[in-house]
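Novice: I'd like to ask some things about the structure below.
2 protein chains.
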Amino acid sequence: MAKEKKMVEQITSMEEDFAQWYTDVVLKADLIDYTSVKGCMVIKPAGYALWERIQQEVDRRFKETGVENVYLPVFIPEGLLQKEKDHVEGFAPEVAWVTHGGLNPLQERLCVRPTSETLFCDFYKNEVESYRDLPKVYNQWCSVVRWEKETRPFLRSREFLWQEGHTAHATAEEAEERTVQMLNVYANFCEEVLAIPVIKGQKSEKEKFAGAEATYTIEALMHDGKALQSGTSHNFGDGFAKAFGIQYTSKDNKLEYVHQTSWGLSTRIIGAIIMVHGDDSGLVLPPKIAPCQVMIVPVMQKKEGVLEKAAELKDKLSAYRVKVDDSDKNPGWKFAEQEMRGIPLRVEIGPRDIEANKALVVRRDTGEKIEVSLDEIDTRIGELLDTIQKDMYEKALKHREENTHVAKNWDEFLDIINNKQGFIKAMWCGETECEEAIKEETSATTRCMPFVQENLGDVCVHCGKPAHKMMYFGRAY
Amino acid sequence: MAKEKKMVEQITSMEEDFAQWYTDVVLKADLIDYTSVKGCMVIKPAGYALWERIQQEVDRRFKETGVENVYLPVFIPEGLLQKEKDHVEGFAPEVAWVTHGGLNPLQERLCVRPTSETLFCDFYKNEVESYRDLPKVYNQWCSVVRWEKETRPFLRSREFLWQEGHTAHATAEEAEERTVQMLNVYANFCEEVLAIPVIKGQKSEKEKFAGAEATYTIEALMHDGKALQSGTSHNFGDGFAKAFGIQYTSKDNKLEYVHQTSWGLSTRIIGAIIMVHGDDSGLVLPPKIAPCQVMIVPVMQKKEGVLEKAAELKDKLSAYRVKVDDSDKNPGWKFAEQEMRGIPLRVEIGPRDIEANKALVVRRDTGEKIEVSLDEIDTRIGELLDTIQKDMYEKALKHREENTHVAKNWDEFLDIINNKQGFIKAMWCGETECEEAIKEETSATTRCMPFVQENLGDVCVHCGKPAHKMMYFGRAY
Numbered sequence: 001m002a003k004e005k006k007m008v009e010q011i012t013s014m015e016e017d018f019a020q021w022y023t024d025v026v027l028k029a030d031l032i033d034y035t036s037v038k039g040c041m042v043i044k045p046a047g048y049a050l051w052e053r054i055q056q057e058v059d060r061r062f063k064e065t066g067v068e069n070v071y072l073p074v075f076i077p078e079g080l081l082q083k084e085k086d087h088v089e090g091f092a093p094e095v096a097w098v099t100h101g102g103l104n105p106l107q108e109r110l111c112v113r114p115t116s117e118t119l120f121c122d123f124y125k126n127e128v129e130s131y132r133d134l135p136k137v138y139n140q141w142c143s144v145v146r147w148e149k150e151t152r153p154f155l156r157s158r159e160f161l162w163q164e165g166h167t168a169h170a171t172a173e174e175a176e177e178r179t180v181q182m183l184n185v186y187a188n189f190c191e192e193v194l195a196i197p198v199i200k201g202q203k204s205e206k207e208k209f210a211g212a213e214a215t216y217t218i219e220a221l222m223h224d225g226k227a228l229q230s231g232t233s234h235n236f237g238d239g240f241a242k243a244f245g246i247q248y249t250s251k252d253n254k255l256e257y258v259h260q261t262s263w264g265l266s267t268r269i270i271g272a273i274i275m276v277h278g279d280d281s282g283l284v285l286p287p288k289i290a291p292c293q294v295m296i297v298p299v300m301q302k303k304e305g306v307l308e309k310a311a312e313l314k315d316k317l318s319a320y321r322v323k324v325d326d327s328d329k330n331p332g333w334k335f336a337e338q339e340m341r342g343i344p345l346r347v348e349i350g351p352r353d354i355e356a357n358k359a360l361v362v363r364r365d366t367g368e369k370i371e372v373s374l375d376e377i378d379t380r381i382g383e384l385l386d387t388i389q390k391d392m393y394e395k396a397l398k399h400r401e402e403n404t405h406v407a408k409n410w411d412e413f414l415d416i417i418n419n420k421q422g423f424i425k426a427m428w429c430g431e432t433e434c435e436e437a438i439k440e441e442t443s444a445t446t447r448c449m450p451f452v453q454e455n456l457g458d459v460c461v462h463c464g465k466p467a468h469k470m471m472y473f474g475r476a477y
Numbered sequence: 001m002a003k004e005k006k007m008v009e010q011i012t013s014m015e016e017d018f019a020q021w022y023t024d025v026v027l028k029a030d031l032i033d034y035t036s037v038k039g040c041m042v043i044k045p046a047g048y049a050l051w052e053r054i055q056q057e058v059d060r061r062f063k064e065t066g067v068e069n070v071y072l073p074v075f076i077p078e079g080l081l082q083k084e085k086d087h088v089e090g091f092a093p094e095v096a097w098v099t100h101g102g103l104n105p106l107q108e109r110l111c112v113r114p115t116s117e118t119l120f121c122d123f124y125k126n127e128v129e130s131y132r133d134l135p136k137v138y139n140q141w142c143s144v145v146r147w148e149k150e151t152r153p154f155l156r157s158r159e160f161l162w163q164e165g166h167t168a169h170a171t172a173e174e175a176e177e178r179t180v181q182m183l184n185v186y187a188n189f190c191e192e193v194l195a196i197p198v199i200k201g202q203k204s205e206k207e208k209f210a211g212a213e214a215t216y217t218i219e220a221l222m223h224d225g226k227a228l229q230s231g232t233s234h235n236f237g238d239g240f241a242k243a244f245g246i247q248y249t250s251k252d253n254k255l256e257y258v259h260q261t262s263w264g265l266s267t268r269i270i271g272a273i274i275m276v277h278g279d280d281s282g283l284v285l286p287p288k289i290a291p292c293q294v295m296i297v298p299v300m301q302k303k304e305g306v307l308e309k310a311a312e313l314k315d316k317l318s319a320y321r322v323k324v325d326d327s328d329k330n331p332g333w334k335f336a337e338q339e340m341r342g343i344p345l346r347v348e349i350g351p352r353d354i355e356a357n358k359a360l361v362v363r364r365d366t367g368e369k370i371e372v373s374l375d376e377i378d379t380r381i382g383e384l385l386d387t388i389q390k391d392m393y394e395k396a397l398k399h400r401e402e403n404t405h406v407a408k409n410w411d412e413f414l415d416i417i418n419n420k421q422g423f424i425k426a427m428w429c430g431e432t433e434c435e436e437a438i439k440e441e442t443s444a445t446t447r448c449m450p451f452v453q454e455n456l457g458d459v460c461v462h463c464g465k466p467a468h469k470m471m472y473f474g475r476a477y
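Structure follows, in C-alpha cells:
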C-alpha cells in the first residue's frame, strides 16, 4: 500500500513545475523506467501498449496509401554514411560507433543507424532499373540511436522507436505529392486519433533535414505553451539519387535519376499526448488511442454478486477496450490509479447500483459523474467516448488559439515572448542570419511556414527587410 | 521482361543442390536482398509481410496467456553482461561492441544486445519488491545482433528479428510451468498455422542456453532431412536472480529470490517454412500464414468486362486475403511468379469462364486445377484453403515419419547417418563427452530428449553405458 500511496501523492502540479510534472506523470503512470544504459529507457507495458495502438493506427493509414513494410540493417558502414555530404555532417557527430565484432576489430567502423536514408539508397540502387520498378514506397518500424547529451523520456533519448518511410519516384512532382500526402497522414492521425490539433507547414533552410530539399512538419502546442515538432516529411529531390547513383530507364529509354522522400513519426508523439492532454491527476488519454478505454471498478466487491455483475458488464461492453479492476486495493486507490493512467471512462458498480439497475460513469477528462441505466450502458459508453474524443480536441484547439499571437513588429514580439506563451505568427525575411539572431535574443525558433498563409505585412518582424512569408515562432522541445 | 524471365528460369532443383535451391527461392521469391553490411540482409516486402503475419499470430497467442509487451534498450553495458558467468562466456565472443558515442570514446563499452536476459534482470531488480509484483510476464519484439562468421538468409545472420519473452515468478514450479506453456504456444503455432510438425523436448547440457537450468526446444525436419531448432524456452531457476539480486518479500515476509524463464522465436522460422514446404517451383505457403491467400489472374484482361469481373470476384472473396494481378505481364509469367511466391490459390478468369459462370482454381501445393461455379466460389475457396492447410501438415508429417529412424546400436546409427537422412531416435547416456564424440564421428548433434519418451533399450547407442533417455539425433542447420 505504501508504494501505491506514493504514486498518487507525489505528483508535482503543472503550474508549479511543468518539467517536473511531466517526469512525475511519465513515471507514476508507469509508462517508462530509467535503466543502467545512460540516456536509454525501458518502455513499460502501459507505455508500450500506447505505442502499439499508435503503430496499428498509423500502419493501417500507411497501407491504405500503398506503403509496404520492410526491414533494413541496424548498422551503416562509415563509407556509406559519408556518401551524401550534408547528411553525414548532420548525423556523424551524434552516432554510436561499433568498432569490434566479437573479439576482432572491424576493418570499417559501423554506426548504429540514426536514420536510414543511406541504407535505403544503397538498396534502391540495386532494386530500381526501369520505370516499371517505380515507385518504391517502403517503410520500416525500428529503433534508432542518436547520441544526445541531454535526454528526457520520449522527448529526447539516445535510442527511440519510430517508423521511417523512404520512397523513390520517377518524377519530382510525384515525390512532392508523396511528401505532402504523408504529412497529411500524420496530421489527420494526430487530429482524429490523438485529439491534438497541428499546424502543417514548411521548415526553414536552417531547420530542414540534413540532405533534404524541403522538410514539412506538423507542429503542436503543449500545455505549457511550448511547441513540439510531432512528425516530419522530407522531399530530397534527386540529391541522394545523384550521390548514390540511383537511376532508372524511362519509358523513352533515357537514364534518369529517381526523386526521393522520407518521413518519420516517433515515440516522441507520446510526449505530445502527455503534454497536450495531461492534468494534475496524471495522464488523460483520448479514447481512440487509449489501450484501455473503460475501467470497471467494483465497489464493495466482496458482497455477493458484485464481481459477477462487473464481469457481466465487461461482456456487455465488449465493443470497447474494457477491463475490470478486481484487485484487492480499495476503490479510492483504484480511482486515483486509473486517473493517473488516463483511462477515459471509469464505471463504478456496487450493490446499491445493482439493485437500482444502474452504474456510475466518470469521465477522466472533466471528472463529470453520470448515472447510467444498465439497460442502455452499451450505447451510452459509446456516445461518451465519442464526446470525450471531440471535447479533448476542442479543448486543445481552444488552448492553442488562445496561445497563438500575432507580432507585427519586434516590440510586440518581445512583449509576447516575455509576458505570454505559445506560438507567435509574424512575417519573416527567410534569412538564416536573422533566424539565428531571433533565437539568440529570445530562445524562440522558427517552427514552420504554415501551408495556410496570412498576410500580416510586408517586412520582417526582426530585421525589417522585405518579407513574403508568415512564420510560426515559438520556444520548443 | 528479361528480368522476370530470369526469375523463373534460374532456380536450381532441390535434388540437385538443396542449399542453392534455398538461396534461389529466398531471392527469387523476393523475400530478401543482400546488403553492403556484411552478414545482414534487407527483408523485402514479401518477406516482411510474412514476418508481420507471424508476429500477429504469435503475439495474439502470447496475450491470451497474459504476456505484456515492453521495450528495453538495444545496448548492454559490458559490466552488466558480465554479471552471470555462464551467460557472458556464451555470448561475449559473438557480440558487436560500441566504443564511441558521437566524437567521444565511451567510458564503458556497450554491446549491441545479442539477447536481453541481463537487461531484464537489471530492470526486474528495481520493479520487483513484493510477491504482489509477481509474476512479471514481459516480452519484446526487436532485433538482436550476433557476430556470426558464416551467414545464410533467415537461418543465420548477424542481425535477426525475434521476440524474447522474459518472466519472473515467485516459485520454481510456476517458472517451470511457464517454460513449458510457452514451448506449447510455439509448438501449436508451428503445427496449426505453419503446418510444420515439431518434436517437443529438452536440450542436452551441452546444447542448453548459456545460463539456463534447462532448455526446451521444438525441432522440425526440413525437406533435405536436416533438423532445424525452431523455438526455445528456457528455465533459469534462480541463477540469474542470485547473480543480479532480484528478491521479493513473500507473503510470510521472507526475502526470496525470483525464478525466471525466457523464450524466443525468430525470423529463422521463415527458413523452416521455406525448407519444409517449398518445391522446385519455389515457395509454398500454408494458407493460414500466407500474406496473400488467393491471387486472381484475369485472362485476356483487355477484353471488355474481364477486369471488372476480376474486381467483382475480389469483393466476393473479401473474407480471405485476396489480390488481383492486373499488371501488364502475360498470364504465363503471372502464374510462374505466383508459384514462386507460394500463394496458396490462383483463380484464373477469362471471357469464356465468365460466359460459363465459372473460374479455374489452381492449388499451389498440388497443382490441381478445379473448375468452380462463380455462385459457390466463396465457400469453395474457404474449403480449399482449409484442405491445403491440412494436406500440407499431413505431407510434412509423413515426410518426417518416413525420415525418422531407430538406431539400437552404433552400426545401425552409422548405417542411417551414411545411407539415409532425417532424425535418429536412440538411447543415450547423457554425457557431454559421448555427445561430442558422436558429433565428431558423424556430424550429428543431439536435437532433444522428447517429452514423449520411448524405451528402445537400456544402454547408450554410442558408448554402451547405462542409458535412461531416448534422444533425437540429426544433422542440423
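Chains E and X are the protein sequences, given in the same order.
All residue numbers for the first sequence refer to the numbering used here, where the first residue is 1 and numbers rise by one.
All residue numbers for the second sequence refer to the numbering used here, where the first residue is 1 and numbers rise by one.
Positions of the beta carbon are idealized from the N, C-alpha and C atoms, including for glycine.
For V362 (chain E), list the residues DSSP reports as bridge partners.
Specialist: For the purposes of this step, residue 362 (chain E) is taken as residue 362 along the first sequence, with counting starting at 1. Answer is E:R346 and E:K369, bridged to V362 (chain E).
Novice: H405 (chain E) and K395 (chain E) look like a contact to me (Cβ under 8 Å); what is the Cβ gap, rounded to whole Å?
Specialist: As a first step, residue 405 (chain E) is located in the first sequence; it is residue number 405 there, counting from the start. As a first step, residue 395 (chain E) is located in the first sequence; it is residue number 395 there, counting from the start. 19 Å between Cβ atoms; not a contact.
Novice: Listing by chain order, which chain E residues have their CB less than 7 Å from the CB of I43 (chain X)?
Specialist: One-based indexing of the second sequence puts residue 43 (chain X) at position 43. Correct list: V70 and Y71.
Novice: To test your reading of the DSSP string, which unbroken alpha helix (DSSP H) runs of 4 or more residues are found completely within the region 260–300 of chain X?
Specialist: 268–277
Novice: Please name the residues in the region 74–102 of chain X whose beta-carbon is closer than 9 Å to at least one beta-carbon of chain E, in chain order.
Specialist: Close to chain E, meaning a Cβ-Cβ distance shorter than 9 Å, are the following residues of the region 74–102 of chain X: V74, F75, I76, P77, G79, L80, A92, P93, E94, V95, A96, W97, V98, T99, H100, G101 and G102.
Novice: Do K334 (chain X) and D325 (chain X) have their beta-carbon atoms positioned less than 8 Å apart in this structure?
Specialist: Residue mapping note: residue 325 (chain X) aligns to position 325 of the second sequence, counting from 1. Residue mapping note: residue 334 (chain X) aligns to position 334 of the second sequence, counting from 1. Yes, these two residues count as a Cβ contact at 8 Å.
Novice: Note down the Cα distance separating Q229 (chain X) from L27 (chain X), rounded to an integer number of angstroms.
Specialist: Taking the second sequence and counting its residues from 1, one reaches residue 229 (chain X) at position 229. Taking the second sequence and counting its residues from 1, one reaches residue 27 (chain X) at position 27. Roughly 23 Å between the two C-alpha positions.
Novice: Counting Cβ pairs, one atom from each stretch, are 3 or more of them under 8 Å apart for the region 128–139 of chain E and the region 160–179 of chain E?
Specialist: Contact annotation: the region 128–139 of chain E touches the region 160–179 of chain E, with at least three C-beta pairs closer than 8 Å.
Novice: Answer with buried or exposed for K6 (chain E), where buried requires no fewer than 16 other C-beta atoms within 10 angstroms of its C-beta.
Specialist: Walking along the first sequence from the start, residue 6 (chain E) turns up at place 6. Residue confidence for K6 (chain E) is low, a pLDDT of 48 falling below 50, so the modelled location carries little weight and cannot support an answer.
Novice: Quick check: Y34 (chain X) and M275 (chain X), are their CB atoms within less than 8 Å of each other?
Specialist: As a first step, residue 34 (chain X) must be located in the second sequence, where it is residue number 34. As a first step, residue 275 (chain X) must be located in the second sequence, where it is residue number 275. Annotated as distal: Y34 (chain X) and M275 (chain X), with beta-carbon spacing of 8 Å or more.
Novice: Counting only beta-carbon atoms, is L283 (chain X) nearer than 8 Å to chain E?
Specialist: By 1-based counting over the second sequence, the position of residue 283 (chain X) is 283. So no, L283 (chain X) is outside the interface.
Novice: So, is N403 (chain X) buried or exposed, given that buried needs 16 or more other C-beta atoms within 10 angstroms?
Specialist: Numbered from its first residue, the second sequence carries residue 403 (chain X) at position 403. Its Cβ being crowded by 16 or more others within 10 Å, N403 (chain X) is buried.
Novice: Return the CA-CA distance between V145 (chain E) and G231 (chain E), expressed in angstroms with no decimal places.
Specialist: On the first sequence, residue 145 (chain E) is found 145 positions in, with the first residue counted as 1. On the first sequence, residue 231 (chain E) is found 231 positions in, with the first residue counted as 1. Each residue's Cα considered, the two are about 17 Å apart.
Novice: Could you check what DSSP says for A29 (chain E) in three-state terms: helix, strand or coil?
Specialist: Indexing the first sequence from 1 puts residue 29 (chain E) at position 29. In the structure shown, A29 (chain E) falls within a coil segment according to DSSP collapsed to helix, strand and coil.
Novice: Would you mind working out which of X:F244, X:C448 and X:R156 sits nearest G79 (chain X), comparing C-alpha positions?
Specialist: Here residue 79 (chain X) refers to the residue found at position 79 when the second sequence is read from its first residue. For G79 (chain X), the nearest C-alpha among the options comes from X:F244.
Novice: Roughly how far, in whole angstroms, is the beta-carbon of K425 (chain X) from the beta-carbon of M470 (chain X), given that I think they are within contact range, below 8 Å?
Specialist: Counting from one through the second sequence, the residue named residue 425 (chain X) turns up at place 425. Counting from one through the second sequence, the residue named residue 470 (chain X) turns up at place 470. With a Cβ gap of about 6 Å, K425 (chain X) and M470 (chain X) count as contacting.
Novice: Decide if the region 57–75 of chain E is in contact with the region 41–61 of chain X; the criterion is three or more beta carbon pairs, one per stretch, under 8 Å apart.
Specialist: yes
Novice: Would you grab the beta carbon distance between G90 (chain E) and G211 (chain E) for me? Rounded to a whole angstrom, and I think it's under 8 Å.
Specialist: Along the first sequence, read from residue 1 onward, the residue named residue 90 (chain E) stands at position 90. Along the first sequence, read from residue 1 onward, the residue named residue 211 (chain E) stands at position 211. So it is a contact: roughly 7 Å between Cβ atoms.
Novice: Under 8 Å between the Cβ atoms of F120 (chain X) and H166 (chain X)?
Specialist: What you label residue 120 (chain X) is simply residue 120 of the second sequence in a count that begins at 1. What you label residue 166 (chain X) is simply residue 166 of the second sequence in a count that begins at 1. In contact: F120 (chain X) and H166 (chain X) (Cβ atoms closer than 8 Å).
Novice: Can you find a C-beta in chain X that's less than 8 Å from the C-beta of W147 (chain E)?
Specialist: By 1-based counting over the first sequence, the position of residue 147 (chain E) is 147. W147 (chain E) counts as touching chain X.
Novice: Could you pull out every residue in the same chain whose Cβ sits closer than 6 Å to the Cβ of I43 (chain E), ignoring the five residues on either side in sequence?
Specialist: By 1-based counting over the first sequence, the position of residue 43 (chain E) is 43. Taken in chain order, the residues that qualify are I32.
Novice: Around the C-beta of Q338 (chain X), are 16 or more other C-beta atoms found within 10 angstroms, so that it is buried, or is it exposed?
Specialist: Working through the second sequence from its first residue, we reach residue 338 (chain X) at position 338. Here Q338 (chain X) is buried: its Cβ has 16 or more other Cβ atoms, across all protein chains shown, within 10 Å.
Novice: Looking at chain X, which residues of the region 225–253 of chain E have a Cβ within less than 9 Å of any of its Cβ atoms?
Specialist: Residues: none.
Novice: Closest to C463 (chain X) by C-alpha separation, out of X:E440, X:C434 and X:V452, would be which residue?
Specialist: The count along the second sequence starts at 1 and reaches residue 463 (chain X) at position 463. Cα-wise, what sits closest to C463 (chain X) is X:C434.
Novice: Near G271 (chain E), what residues of its chain come up, given a Cβ to Cβ distance below 6 Å and the 5 sequence neighbours on each side ignored?
Specialist: Numbered from 1 along the first sequence, position 271 holds the residue referred to as residue 271 (chain E). Around G271 (chain E): F154 and L155.
Novice: Would you mind reading off the limits of the beta strand (DSSP E) that contains H405 (chain X)?
Specialist: Along the second sequence, read from residue 1 onward, the residue named residue 405 (chain X) stands at position 405. Per DSSP, H405 (chain X) belongs to the beta strand (DSSP E) from T404 to V406.
Novice: Using a Cβ-Cβ cut-off of 8 Å, state whether D122 (chain E) counts as contacting chain X.
Specialist: The residue labelled residue 122 (chain E) in the question sits at position 122 within the first sequence. Yes, because at least one Cβ of chain X sits closer than 8 Å to the Cβ of D122 (chain E).
Novice: Establish whether the CB of D556 (chain E) and some CB of chain X are separated by less than 8 Å.
Specialist: Residue coverage of chain E in this structure runs from 1 to 477, which leaves residue 556 (chain E) outside it and unanswerable.
Novice: Let me know if R60 (chain E) comes out buried or exposed under the rule of 16 or more other beta-carbons within 10 Å of its beta-carbon.
Specialist: Residue 60 (chain E) sits at position 60 when you count from the first residue of the first sequence. By the 10 Å Cβ count, R60 (chain E) comes out exposed.
Novice: What in chain E is Cβ-close to D33 (chain X), meaning under 8 Å?
Specialist: For the purposes of this step, residue 33 (chain X) is identified with residue 33 of the second sequence, where counting begins at 1. Residues of chain E passing the Cβ test: F123, N126 and E127.
Novice: Counting pairs of Cβ atoms below 8 Å between the region 211–225 of chain X and the region 185–197 of chain X, do you hit three or more?
Specialist: Judged by Cβ distances under 8 Å, the region 211–225 of chain X makes contact with the region 185–197 of chain X, as three or more pairs qualify.
Novice: Name, please, each residue of chain E whose Cβ falls closer than 7 Å to the Cβ of S36 (chain X).
Specialist: Translated into the one-based positions of the second sequence, residue 36 (chain X) becomes position 36. Within chain E, the residues near S36 (chain X) are P77, L80 and D122.
Novice: State the Cα-Cα distance for the pair S157 (chain X) and M182 (chain X), rounded to the nearest angstrom.
Specialist: Within the second sequence, residue 157 (chain X) is the residue found at index 157, counting from 1. Within the second sequence, residue 182 (chain X) is the residue found at index 182, counting from 1. If you draw a straight line from the Cα of S157 (chain X) to the Cα of M182 (chain X), it is about 25 Å long.
Novice: Determine the direct distance from the alpha carbon of D315 (chain X) to that of V461 (chain X), and round the result to whole angstroms.
Specialist: Looking up residue 461 (chain X) in the second sequence gives position 461. Looking up residue 315 (chain X) in the second sequence gives position 315. Cα to Cα, the separation comes out at about 60 Å.
Novice: In the structure shown, what three-state DSSP assignment does W147 (chain X) receive?
Specialist: In the second sequence, the residue the question calls residue 147 (chain X) occupies position 147. Note: W147 (chain X) maps to coil in three-state DSSP.
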